[in-house]
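The opening residue of the sequence shown carries number 11 in this note's numbering; numbering runs sequentially from there.
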Amino acid sequence: MSPRSDGVSTAPQADATRLPLLVGRRLALLLGVLCLGYALGAAFGWGSHPLALFMGDFGLAGAALAAAVSCLMRGCTVPGQTRGAWLLFGLSSATLAVGNGTWGWYEVVLRTPLPQDSIADYAFLPFAPLAVLGLLVLAQRPRGAAAWLCLLLDGWMVAGSLFTLSWSLALGHTAEGEVDNPLRLALGLAYPVLDIMMVSLVVGMRFRCREGNRAAVHNAMLGLAVTVVCDALYSSPALRDSYHSGEILDAGWFTGSLILAYAPWTSRWRRPSPRRLHPAGGGLPRRRVASTFSALTPYAAASVCCAGILYNALGGRPMDRVVIVVACTVGLALIVRQGIMLLDNLSLAQELAQKEAHFRSLVQGSSDVIMIIGADGVLSYVSPAALGVYSRDPEELIGGRLLDLVHPQDAERVVGEVRRFLARSQLLARRPEGHPPAPAAARPGEPSARVECRIRAGGGEWLHVESTVNRYRDGLILNSRDVTERVRLQAQLQHNAFHDPLTDLPNRALFAERLRAALGGGQGGGDPHGEGAREHPYRDAAVAVLFIDLDGFKAVNDTAGHQAGDQLLVQAARRLQATVRVGDTVARFGGDEFAVLVAGQLGRLRVQELAERLRHALSEPYWIGGAELGVAASIGIAFEPQWAEPDAAPADPAVLADELMRDADLAMYRAKSEGKGRVVLYSPGMRADLDRRKELDTRLRAAVREGGFALYHQPVVDLRTGAVTGLEALARWRSAQGLLLTPAEFLRGAEQGDAATRFARWLLEQAIAQAALRGADDGGPGSRPGSGAVPVAVRLSAERLCAPGVYETIAGALRDSGLPCGRLVIELARLCPDGTADELGRRLAALRRLGVGTALAGFGTGSGSLGSLAKLPFDGVKLDRSVVQEVAESPRSRALAGHALRLGRELGLVTAAEGVDQPRQVTVLQELGCRQGQGLAFAQPLDEFRLRRALVRRLYPLPRPVGAVSARHAYLSAADGRPSIVGPHGETAIPPA
């Protein structure tokens, strides 16, 4: 905290402490003036006899009444165990007020001498017992029988010695003069005896005095002591016989009452005392005055008793039997007490020896090294554990400086920590009692600090040591332990948290952190409008990120095993590290993905050259286990943006790092989609494509969820009879204006992701449900029997068919709708690569077992080998639209279509064609032996109402063949002597197989 803020925070606290202190001082000064004035007035006789009587009687009554009211108020407001003591002190002062008031009533009001055995005598009598009870409430109860016995002996010794002295001085004479009046004798002896009891309690007992109320208790005891002294003087025959109200003796009683009135509130008006630390924490040992005085009490009592005996002996008086008996009992009590104390000291000495031996065994047997350092930094004690921890003899370390053992790089930090600890300890030592509580880390008691540093061991190595520092007298005590293994483990855990366990390269977290640091250290500069931007096509790039993906790594895992794949990754990591510069960062993100951070003034062209070197290095053959393995690398590059708007705020390095990594990832995936094994630079259009795909995916989800698609069906016609042999379910998008559009973009966006699977499930469920509904209405009013029992085909891609849950959707929809499984056909849009043909074959086989028909759509185009076609369980094939469109005009297309249809028939598959939009195409397909056709030559996609009308009709007219086959055959035979079929434009037709 700054000095200014500290001053602001402590000023109100200082004012709050200073105001009660000022009030207390003024009140004490006022009471002192009153006492001094009363003493002067009493010394000079108050100027007149009536005033002297008034001040001697009612003045004392007023002072006692003030003490009573003050103590009673304090007793009613203060909590805790001192409440009863203050109430008793208040009642005792009230008896004094009653006694002095009664005395004044006789002398001042009635103007008659105080009669013997008056009410005043009986009113004064309860003062001492009530005060004694108050002292007993404050007294601490002894612990144990020996302590009780010592307390009783001390009390009797004090009381007996005082009684002996008092009897020798005055009480003996008083008893001789009142032999004939027992009541007067009892009253005369009651006052001094009770006063002696009170003094015995004050001297012999310990009182509950916390820091907060110690001053109040001490002032109360002082007031009672002054009153007792005055009572003792009054009991003297010489003073008692000549006493009259208003004398100087009344000033003592007046002062005692005012001190007792001031005592209850002393703690509020007293300056807070600073806290004292424990001796082990640097504080000085506190010597309690009460403890010292109580230890000397028996000897003081014996001295007082001896003084009383000597007074009688030297005064020539005969020895009084009372004095002899009491003195003997005091001496006997002293002997007994000394015996008890001797036994107690022997027991304490044995206990201390046991504790010292126990402490020594703990210190010597502890695995921690305990060292004591003096104020000059020299070691004065080192525990034997130093031999096992530091491999150094403790005797050799004693007398040396601690900083000579500390690592030079840690010495300054250790000194700073110790200085802060000492400053905090001094601050806590100076904190007053009434100060607000300190924070938890700086609570008073035994403050400590924790310091970590390196200590030189005996073998010369450096050990990591954690030490707890505490104050010890004028130096420090250190409890140290070896934490070298913990530090190493922490360093290893931290390394593992930011490094790949297989290749030991930085992981994504460390790569992102270094990228943020590179971006925050200096943004790429340059003015886009300067001359340099026009002259140099490749501006210097401060930061570039390269994302690398190994092409063909999955095949390595599948063929050579995962262990070989891991070894390949390790070798690839070493090649990357060997190719990049020293300051560049190579990281592995997981799997076969790596990243490279290139920082510094490196041109874009040089970064591309580095990427090409990395690609060539990764594409070199790998020799693992005696076998040659090979992979390629697709690399995407993203550069830090070089310019920003003039008024734009600087970009956040964290946000910029995320964008840069995402851009490099987009460029890498563009490299893979363009054929793999190449380097692609990021361009803003890639992010635009990604945003567009995300938007299409979102719109597709919304269209499926909100019913934005409508289901249409296009009939599939038998090319021999014109009958409707099947239907294909087609989705159409219903726009906001109510138009039905072909969802080409939606379908392209539905090729991947969860949205595509949702769309496929919706298409299957709707197609099956409507087919079942048409079957249920078959034979009803306005329908021909059997018109609804037409198979419906749903086209899916291989990825969608193999997606989780699609087969379950088909089976569940068939079960819920009641549609016969034979009336559903799943058309595969295209074959998948050979690597996933096994999974596709299992899905198709499961559908076949269920009774669902299968067909291959788009035949003649797409990927997939003929071997996969032979292995997969298909019921039919459908020529692709691109093949059918030119079949009537192009001999090449006609030849390809003919061979494709012949292959399908030889495999035992039903042949069909889609995109049959012209009558001429129907004729050629008939000639080529195609069984079924689908296209605009028969019908466009129909909604449910028009579909039902078409199914009632069931037949579509087929176009008549153009030209005579016999004429074409004759023409071709005349041309080359072989039978042939000639088209209308002279092209050669492929005869049906």
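Positions of the beta carbon are idealized from the N, C-alpha and C atoms, including for glycine.
Note that the coordinates shown come from a computational prediction; the quantities given were computed from them, not determined experimentally.
Hey, is the region 695-708 in contact with the region 904-911, meaning 3+ C-beta pairs nearer than 8 Å? They do not touch, by the three-pair rule.
What did DSSP end up calling P404 once you bin it into helix, strand or coil? Three-state DSSP puts P404 in a helix.
Whole alpha helix (DSSP H) elements within the region 349-431, 4-residue minimum: Counting only runs of 4 or more, we get 395-399 and 404-407.
Same chain only: Cβ atoms within 8 Å of G55, ignoring 5 sequence neighbours per side: Only A62 and G256 meet the Cβ criterion.
How would you label H572, buried or exposed, when you count the other beta carbons within 10 angstroms and need 16 or more for buried? Around the beta carbon of H572, fewer than 16 other beta carbons sit within 10 angstroms, so the residue counts as exposed.
Expressed to the nearest angstrom, what Euclidean distance is found between the alpha-carbon atoms of E638 and P631? Answer to the nearest angstrom: the Cα atoms are 6 Å apart.
So, using beta-carbon positions, are G469 and S371 closer together than 8 Å? No, the pair does not count as a contact, with Cβ atoms beyond the cut-off.
How would you write the range of the alpha helix (DSSP H) that P929 sits in, first residue to last? Residue range P929 to E937 is occupied by the alpha helix (DSSP H) that includes P929.
For the candidate residues E849, R784 and I836, whose alpha-carbon lies nearest to that of F955? For F955, the nearest C-alpha among the options comes from R784.
Which one of K564, R584 and A226 has the shortest CA to CA distance from G575? When each option's Cα is compared against that of G575, the closest is K564.
Considering Cα atoms alone, identify which of L352, V236, H228 and R464 is closest to E495. Residue R464 is the option with its Cα nearest to E495.
Report all residues from its chain with a CB closer than 6 Å to the CB of A73; omit the five preceding and five following residues, and keep chain order. These residues qualify, in order along the chain: F264, S267 and L268.
T478, enclosing alpha helix (DSSP H) - first and last residue: No alpha helix (DSSP H) holds T478; the beta strand (DSSP E) holding it covers W472 to Y482.
For the region 607-618 and the region 663-671, state whether three or more C-beta atom pairs, one from each stretch, are separated by less than 8 Å. No, the region 607-618 does not touch the region 663-671.
Out of curiosity, what's the CA-to-CA distance linking R347 and D241? Annotation: R347 to D241 spans about 30 Å, alpha carbon to alpha carbon.
What number of angstroms, rounded off, separates the C-alpha of G765 from the C-alpha of D707? First, the residue type needs correcting, since residue 765 is Ala and not Gly in the sequence shown. Cα-Cα distance, rounded: 6 Å.
Whether V932 touches G943 by CB criterion (8 Å): A Cβ-Cβ contact shorter than 8 Å links V932 with G943.
So is V119 buried or exposed if we call it buried at 16+ other beta carbons inside 10 Å? With a threshold of 16 other beta carbon atoms within 10 Å, V119 falls short and is exposed.
For R518 versus A597, is the C-beta spacing smaller than 8 Å? Contact flag set, yes.
Assuming A261 contacts A52 under a Cβ cut-off of 8 Å, what Cβ separation, rounded to an integer in Å, is found between them? Rounded, the Cβ-Cβ distance is 5 Å, consistent with contact.
Flag this pair as yes or no: are the beta carbons of A799 and R833 separated by less than 8 Å? The criterion of a C-beta distance shorter than 8 Å is satisfied by A799 and R833.
According to DSSP, is G469 part of a helix, a strand, or is it coil? Coil.
Range of the contiguous alpha helix (DSSP H) that encloses A823: From DSSP, the alpha helix (DSSP H) with A823 extends over V816 to S827.
How long is the line joining the alpha carbons of Q895 and D927, rounded to whole angstroms? Spanning the two alpha carbons is a distance of roughly 8 Å.
So F54 is in the alpha helix (DSSP H); what residue range does that whole segment cover? No alpha helix (DSSP H) holds F54; DSSP gives it neither H nor E.
A799 (DSSP reduced to helix, strand or coil): Three-state DSSP puts A799 in coil, outside helix and strand.
Pairwise C-alpha distance: R709 and R964: One Cα belongs to R964, the other to R709, and the distance between them is close to 38 Å.
I'd like to check one pair, A507 with V479: are the Cβ atoms closer than 8 Å? Their beta carbons are not under 8 Å apart, which means V479 does not touch A507 by this criterion.
Exposed unless 16 or more other CB atoms sit within 10 angstroms - verdict on L353: The residue in question, L353, is exposed, as its Cβ has fewer than 16 Cβ neighbours within 10 Å.
Residues near V553 by beta carbon distance below 8 Å, same chain, minus five either side: The beta carbon of V553 sits closer than 8 Å to the beta carbons of L525, A528, L529, G534, L607, V608, A609, F649, E650 and L670 from its chain, once the five residues preceding and following it are set aside; these are given in chain order.
How is the alpha helix (DSSP H) around A643 delimited, first residue to last? Per DSSP, A643 lies in no alpha helix (DSSP H); the unbroken beta strand (DSSP E) holding it starts and ends at A642 to F649.
Nearest to A960 by alpha carbon, out of T735, R481 and S693? The shortest C-alpha separation from A960 is found at T735.
Residue burial classification, C338 (beta-carbon count within 10 angstroms, cutoff 16): Around the beta-carbon of C338, fewer than 16 other beta-carbon atoms lie within 10 Å, marking it exposed.
Could you work out which residue in P511, T122, V727 and V428 is closest to L946 when comparing CA atoms only? Answer by Cα proximity: V727.
At the level of alpha carbons, what is the spacing between A779 and L906? A779 and L906: Cα-Cα distance of roughly 38 Å.
In whole angstroms, what separates the C-alpha of L82 from that of R93? When only Cα atoms are considered, L82 and R93 end up about 9 Å apart.
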